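Colleague: Once you've had a glance at the structure underneath, I'll fire off some questions.
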Amino acid sequence: EHLSILLAAILHDVGHDGTNNEFQIQQQSPIAIQYQNVSVLENYHAELGLRELKASGMIKHLPLDQQQEIHSRISQAILQTDMSKHKVQVQAYGSTNTNDWERTMYLLHLCDISSPIRSTNALWTEHVLEEFYQIGDKQKSLGYSVSPMCDRTASDTASIQQGFLKFMVLPAFEAVEFSNPKVMEGLYANLDDCMQQLDTVPPGK
Numbered sequence: 083e084h085l086s087i088l089l090a091a092i093l094h095d096v097g098h099d100g101t102n103n104e105f106q107i108q109q110q111s112p113i114a115i116q117y118q119n120v121s122v123l124e125n126y127h128a129e130l131g132l133r134e135l136k137a138s139g140m141i142k143h144l145p146l147d148q149q150q151e152i153h154s155r156i157s158q159a160i161l162q163t164d165m166s167k168h169k170v171q172v173q174a175y176g177s178t179n180t181n182d183w184e185r186t187m188y189l190l191h192l193c194d195i196s197s198p199i200r201s202t203n204a205l206w207t208e209h210v211l212e213e214f215y216q217i218g219d220k221q222k223s224l225g226y227s228v229s230p231m232c233d234r235t236a237s238d239t240a241s242i243q244q245g246f247l248k249f250m251v252l253p254a255f256e257a258v259e260f261s262n263p264k265v266m267e268g269l270y271a272n273l274d275d276c277m278q279q280l281d282t283v284p285p286g287k
C-alpha cells in the first residue's frame, strides 16, 4: 500500500494538458469518448501513468500478483482525486465502513488540494487561477459554457480562493483526526495566513 500510494502521488497528473473534465466533455475529445465522460482526466492519468510505470521496469522484479495489485491500487487512488467525488469522500472518511486503504487514498486527495495550507500558497493560487482562466478563455473562443471559476472577466481571485478554503479544504482536513494536535494548529495558522493574504488582492485580479 505504501509503494502504491507513493507511485499514485507521482503519477496522478501525468500528461495533464491544463484543461478540466468539463472542457474535455464539451469538446468530445478522444479521451472523453474513451472514458464515456466519467472522470475523464483521472482515467487518462491512471492509464498513462501505468504505461509509464511498466516501461520504466521499476516493479518488474515483483511477483505478477503484486504488480497487478499495485496497478489496481494506483488506478483507484488516482481516480479518487476527481473533485466531483470530494463531498462524498469527506462525508465517508472515518466511518465504520472505510478501511485503511480508503483512508490512505483520502490523504492523497488532501495533498492534492493542499496548496492553500502551504507557505507558498500565494504563488500556487496565482498559477492555479491562471490555469482556470485559460480554460475559460478556450471555452469562450469555442462557444462553450464557461466552467465555474474560469471566467477571468467575472471572477474575483479572493472570493474564489476563500470559498475554496472555507467550503472545500477546511472541512476536508477537519474530517481527519490527527494524533498530534499541533498538525491542525499549523494548518489553521496557514489557512488564516492565506485568508489574510487574499483579503489584500484587488477585485478582478
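In this note's numbering, the protein residues as written are 83 to 287.
C-beta: ideal position from N, C-alpha, C; glycine also.
For clarity, every value in this text was computed on a predicted model and none was experimentally measured.
CA-CA distance, Val122 and Ile107?
Modeller: In the sequence shown, residue 122 corresponds to position 40, counting from 1. In the sequence shown, residue 107 corresponds to position 25, counting from 1. Between Val122 and Ile107, the C-alpha separation is close to 8 Å.
Colleague: Just how far apart, CA to CA, sit Ser241 and Met140?
Modeller: Taking the sequence shown and counting its residues from 1, one reaches residue 241 at position 159. Taking the sequence shown and counting its residues from 1, one reaches residue 140 at position 58. Near 44 Å, if we compare the C-alpha coordinates of Met140 and Ser241.
Colleague: If you run the structure through DSSP and keep just helix, strand and coil, what is Arg234?
Modeller: The residue given as residue 234 occupies position 152 in the sequence shown. In the structure shown, Arg234 sits in coil (DSSP, three-state: anything other than H, G, I, E or B).
Colleague: Going by CA-CA distance only, name the one from Leu130, Phe255 and Thr282 that's closest to Ser197.
Modeller: Looking up residue 197 in the sequence shown gives position 115. Ranking the options by Cα distance to Ser197, first place goes to Phe255.
Colleague: With distances taken from CA atoms, which of His143, Asp194, Pro112 and Ile87 is nearest Met250?
Modeller: For this step, residue 250 is matched to residue 168 along the sequence shown. For Met250, the nearest C-alpha among the options comes from Asp194.
Colleague: Would you mind working out which of Asp99, Phe246, Phe105 and Leu88 sits nearest Gly225, comparing C-alpha positions?
Modeller: As a position in the sequence shown, residue 225 is number 143, starting the count at 1. Comparing Cα-Cα distances from Gly225 to each of Asp99, Phe246, Phe105 and Leu88, the minimum goes to Phe105.
Colleague: Where does His94 fall in DSSP's three states?
Modeller: Counted from its first residue, the sequence shown places residue 94 at position 12. Looking at His94 - three-state DSSP - the assignment turns out to be coil, as it is neither helix nor strand.
Colleague: So Pro253 and Val172 are supposed to be a Cβ contact under 8 Å. How far apart are they, rounded?
Modeller: The sequence position of residue 253 within the sequence shown is 171, counting from 1. The sequence position of residue 172 within the sequence shown is 90, counting from 1. With 8 Å as the limit, Pro253 and Val172 qualify as a contact, their Cβ atoms being about 6 Å apart.
Colleague: State buried or exposed for Gln243, treating a residue as buried only when at least 16 other CB atoms are found within 10 Å of its CB.
Modeller: For the purposes of this step, residue 243 is identified with residue 161 of the sequence shown, where counting begins at 1. Its Cβ being crowded by 16 or more others within 10 Å, Gln243 is buried.
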